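>
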Amino acid sequence: MMEFLYFPQDKTEYLPSILMLMIFLIAAVFFTRFLMKLSRREQQKVDEQYADKMIFNDKQNDH
Numbered sequence: 022m023m024e025f026l027y028f029p030q031d032k033t034e035y036l037p038s039i040l041m042l043m044i045f046l047i048a049a050v051f052f053t054r055f056l057m058k059l060s061r062r063e064q065q066k067v068d069e070q071y072a073d074k075m076i077f078n079d080k081q082n083d084h
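Take any residue in the sequence shown, note its place counting from 1, add 21, and you have its number in the working numbering.
1. How big is the Cα-Cα spacing for Arg62 and Leu26?
2. Taking only the alpha-carbon atoms, compute the straight-line gap between Lys58 and Ala72 and give it to the nearest angstrom.
3. How many angstroms separate the CA atom of Glu69 from the CA atom of Ser60?
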């Protein structure tokens, strides 16, 4: 009835898939942290580049 499901009797057959899952999970975490750091750096560059315009706009909005 459920021939498409495969559950091995020898549980060591699960090890390669668990190792691959851990490798991809760790890689995903590092890549996400890398993108977050890159995004922060880009935001700082934009903030520095447009800081004078943002201050000017804030002063205009106050009056």
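Beta carbons: idealized from backbone N, C-alpha and C, even for Gly. Only a predicted model underlies this, so the values are computations on that prediction, with no experimental measurement involved.
Inspection of the coordinates gives the following:
1. Looking at the two C-alpha atoms, the distance is approximately 48 Å.
2. Their Cα atoms are separated by approximately 21 Å.
3. For Glu69 and Ser60, the distance between alpha carbons rounds to 14 Å.
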